[in-house]
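These notes concern the structure reproduced below.
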Amino acid sequence: MLDLFSTRVRWILPLLFAVLPIGCDDSADPMPANPAPLQSSREKGNETPDMPENQHPTADGSGPENQAGSADTDPTKETADKSKPPTPQEGSGQARPKHGKGPANRLADETSPYLLLHAHNPVHWYPWGPEALEKARKEGKMIFLSIGYSSCYWCHVMERESFSDPEIAKFMNEHFINIKVDREERPDIDDIYMNALRIYVSQAGGGTGWPMSMFLTPDTRPVAGGTYFPPRDQPNRPPGFLGVLKAIHKLWTEDRPAAESNAAALTRALRASMRPRLVLAAADLSADLVETSIRALAESHDSRFGGISFDERQPDRPKFPTPPKLELLAYAAASAKSPIPEKSEKSATGTQEQLATRVLDHTLLAIADGGIHDQIGGGFHRYSTDRQWRVPHFEKMLYDNAQLADLYVTAFARTGNPTFQEVAQGVFTYVLRDMTDPDGSFYSAEDAETDAIEGKYYVWSANEIDQALGDGSILFRQRFGVVNKPDFEHGNVLFRAMPLDKVVKSAKDGQALAEMKKRLLAIRKKRDAPLRDDKVLTSWNGLMIRSLANGGRVLKRPDYIKAATRAADFLLEHLRDKKRKHLLRTYRKGRAKLNAYLVDYAFLVEGLLALHAATGEDRWLDAARQLTDEQIGLYWDKTRHGFYFTPRDHEELLARTQNGFDSVMPSGNSTSVRNLVRLTRLTGDKKYRLHARQTLEAFVPMMREQLQRGGMGMTHMALALAEFLEDEPKAEKPKKAPSPDKQKSD
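Residue numbers for the sequence shown, in our numbering: 1112 to 1857.
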């Protein structure tokens, strides 16, 4: 591994990374805490940390879109910890986030709810832009770059503890240019500096996540970074944020050559890690990669409690739905030709498609039964803190719900199982009730906490259930696991503790349960609701449009198609720079802004194609084709092929990235391939198939290498490859390459 840090700079690393590497991951929040003394990565034997899930993410991943990876990382290996955030004490100041009462800073003119939460901090925050960057260059000050998002718990904690503290703010204002970024608005900036932080901690130790706290030179090169910092030094605790600020300032003012050297080395490593791939031969486009990807997913199945990416060596790790991976299983399940043998998914009995079907259905049913599924209000929380899917992290994201609803719709279409239909309809009801703007567009997220207590809005005491339901509470408590002393500290998380047929003895019982859920929902709606991020993101709306259009078509629900139509019309009218003929990224309260990213085009086109399939209206196909032609003109790499994440007229950053890895959402490149395949079928235009082929040729070598290492970070690209090969003329099909050996990375 590269040794990035000179001896002169190493003295500061223990100070930065002895802190708890707590943060909101793109797939999980909080991240694992490890207060052990810092050692260098070579002393510890560590390699570059796995990227989470948006997470990008990623991983979320990571927003969670476009988490980049390297040969040593799998961007969809989510990392989290079952440890709960510290319970707020009376007078701790950990109240539900509100706008402060102090003078407004430059964030007051922003539209992002996350940035507006900091608009009255005593910190002189700037949004990312020419004013802040020019001021840093002119004054020769380091930049403190803080990146987060509105539903990140630890972002709120750091805002309350540090950014609202007058002494800390005074030091920040005197010695740094302070920039605040919403990663969901600017995933390009987030992606670059998350990669820099990942490289940095591979040498220095520590974790990655949000809030991301980066220290940059005046010309934006990274010097050092971390995640959440407590505000001050405490007995038997790592150094606090104020101490870190002072140490970084001392480095910059007293040993600037060391800081510059570190920035140069880290920037070189960053650009090398994000360097575009070389195009290899078309012979790489072979079906064995699809088969190997499906097999890898099936072999990672938790055969007891459902879920994939399960590691028996770490059975208590938090669990994530990982929709991009499940989509590949859904594709395989749709190809199953015969009934599924009642055998372990790891046995040799049954075809690969049958095994995929069993793994997928088990996982979808387990998730539906768990506390990760909001049993009262519908929809899904982000992830489960336990193996059984019972206690979630309570944040709700539009992209999770859009993707999962589509998976349940597809499962119902394949099986006719009414449970799949019920779950999908519950998600759509939740989104249309709680996450839809009067103009028809969809909001982004709901927070996990209320009054700084995670899950407070969603949990129940046994006494509350008894009082609300009276005699019916016995039936309800049996069905949904309500006990007097729940495992979760704040109350009962409702989950399906007993099968319906064990609880419901008559149609009357079933109707009574449904009425009880309605009663509890009405009571819950009177509580203080979690903070809602009401910005509209083009890409996430595209995912929801696809899901509603497919749901309306399969479930025979014209109201779903109508909702998808309203949202699509709104995006095409209001999230578009008509002069430049360019999509825009975000909209809130009448203001649309920021260049669209690859995922905005790719996910919206996917939604428009789903609307065309649901309605037969040519206007959706025409719009999808127009946007795809724009996308090719703005994002296509003419030299190495594939799509860049940012358009050709985008501001110049440290790197221009290309990515084929999944985070909590599919990559823009894999989704684009699927769109191009569909457009070829619908229009007969061969240019779309050429771009699909060249994109696959650009990324398939990386996918093969990932599979050889045991990684599953490009399963959605495998799905795109499978759909591409369906239309490949038999005479042109390349011979299958040798199947890569399934080896686990060290």
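Note that CB positions come from ideal geometry on N, CA and C, so glycine has one too.
Because the structure is a prediction, the values reported are computed rather than measured.
Residues of its chain near residue i, where Cβ-Cβ distance is below 7 angstroms and the 5 sequence neighbours each way are ignored
i       : result
Phe1714 : Ser1650, Gly1653, Leu1654 and Thr1782
Phe1352 : Ser1273, Ile1279, Phe1340, Pro1341 and Pro1342
Gly1753 : Gln1769, Asn1780, Thr1806, Ala1809 and Phe1810
Gly1662 : Ala1516, Val1520, Ala1535, Phe1539, Arg1668 and Tyr1671
Gly1583 : Ala1623 and Met1627
Arg1217 : Trp1236, Tyr1237 and Pro1238
Thr1766 : One detail in the question is off: residue 1766 reads as Ala in this sequence, not Thr. So the list reads Ile1303, Leu1381, Arg1382 and Met1385, once near-sequence residues are dropped.
Supposed contact pair residue j and residue i - C-beta distance, whole angstroms, cut 8 angstroms
i       : j       : result
Asn1786 : Thr1739 : 6 angstroms
Tyr1304 : Met1323 : 6 angstroms
Tyr1597 : Asn1603 : The sequence given here places Pro at residue 1597; Tyr does not occur at that position. That belief holds up - the Cβ atoms of Pro1597 and Asn1603 are roughly 4 angstroms apart, short of 8 angstroms.
Ala1579 : Leu1631 : 6 angstroms
Ile1300 : Leu1764 : 7 angstroms
Ala1735 : Leu1790 : 7 angstroms
Leu1400 : Ala1724 : Not a contact, Cβ separation roughly 27 angstroms.
Gly1537 : Thr1474 : That belief does not hold up - the Cβ atoms of Gly1537 and Thr1474 are roughly 17 angstroms apart, past 8 angstroms.
Arg1501 : Phe1606 : 5 angstroms
Ala1573 : Val1593 : 6 angstroms
Contacts around residue i, its chain only, beta-carbon distance under 6 angstroms, and the 5 residues preceding and following it disregarded
i       : result
Gly1718 : Gly1653, Ile1656 and Arg1657
Gln1532 : Phe1523
His1827 : Pro1435, Asp1773, Pro1777 and Ser1781
Ala1370 : Val1334, Leu1362 and Trp1363
Trp1571 : Gly1602 and Asn1603
Gly1551 : Arg1677, Ala1678 and Phe1681
Ala1703 : His1685, Leu1686 and Leu1695
Ala1443 : Ile1405, Glu1464 and Ala1467
Ala1831 : Ser1781, Val1784 and Arg1785
Met1823 : Ala1407
For residue j and residue i, the rounded distance between their alpha carbons
i       : j       : result
Pro1840 : His1802 : 17 angstroms
Tyr1568 : Leu1648 : 25 angstroms
Leu1720 : Asp1733 : 9 angstroms
Ala1467 : Glu1245 : 54 angstroms
Ala1675 : Leu1836 : 30 angstroms
Asn1289 : Ser1257 : 8 angstroms
Arg1638 : Lys1646 : 23 angstroms
Trp1265 : Asp1293 : 14 angstroms
Leu1518 : Glu1575 : 34 angstroms
Tyr1494 : Ala1608 : 19 angstroms
Pro1298 : Ser1313 : 22 angstroms
Pro1549 : Tyr1311 : 45 angstroms
Ala1247 : Glu1285 : 12 angstroms
Gln1178 : Met1385 : Any answer about Gln1178 is weak, because its pLDDT of 35 lies below 50 and its placement is not dependable; what the coordinates show is given next. If I take the Cα positions, the gap works out to 11 angstroms.
Asp1344 : Val1355 : 10 angstroms
Leu1226 : Thr1794 : 43 angstroms
Arg1804 : Pro1233 : 53 angstroms
Ser1138 : His1504 : Residue placement at Ser1138 is flagged as unreliable, the pLDDT there being 46, under the threshold of 50; the coordinate-derived value follows with that caveat. Their Cα atoms are separated by approximately 10 angstroms.
Arg1379 : Ala1358 : 24 angstroms
Val1614 : Leu1659 : 32 angstroms
Arg1428 : Thr1750 : 42 angstroms
Gln1595 : Glu1221 : It is Asn, not Gln, that sits at residue 1595 in the sequence shown. About 46 angstroms.
Asp1612 : Arg1590 : 10 angstroms
Gly1581 : His1412 : 41 angstroms
Ala1513 : Lys1281 : 43 angstroms
Thr1547 : Thr1433 : 24 angstroms
Lys1692 : Gly1240 : 23 angstroms
Met1269 : Asn1528 : 46 angstroms
Cβ of residue i within 7 angstroms of any chain B Cβ
i       : result
Gly1490 : Chain labels in this structure do not include chain B; a single protein chain is all it has.
Neighbourhood of residue i by C-beta, 8 angstroms cutoff - its chain only, sequence neighbours within 5 removed
i       : result
Lys1690 : none
Residue i: CB within 6 angstroms of a non-hydrogen atom of the ligand HEM
i       : result
Glu1296 : Only the bare structure without any ligand can be found here, which leaves the ligand HEM out of the picture.
Validate contact between the stretch 1554-1566 and the stretch 1501-1515 using beta carbons, cut 8 angstroms, 3 pairs: yes
Segment contact flag, the stretch 1325-1339 with the stretch 1244-1255, C-beta cutoff 8 angstroms, min 3 pairs: yes
Validate contact between the stretch 1763-1783 and the stretch 1353-1368 using beta carbons, cut 8 angstroms, 3 pairs: no
Sufficient close CB pairs (3 or more, under 8 angstroms) joining the stretch 1479-1491 to the stretch 1540-1547: yes
Touching by the beta-carbon criterion (3+ pairs, under 8 angstroms), the stretch 1672-1688 and the stretch 1609-1623: no
Alpha helix (DSSP H) runs contained entirely in the stretch 1350-1419, provided each spans 4 or more residues: 1352-1365, 1367-1384 and 1399-1410
Complete runs of the alpha helix (DSSP H) confined to the stretch 1236-1313 [at least 4 residues]: 1241-1250, 1264-1269 and 1277-1286
Sequence ranges, alpha helix (DSSP H) only - wholly within the stretch 1507-1541, length at least 4: 1509-1526
Unbroken stretches of the beta strand (DSSP E), 3 residues or longer, contained in the stretch 1617-1644: none
Runs of beta strand (DSSP E) wholly within the stretch 1774-1807 (minimum 3 residues, chain order): none
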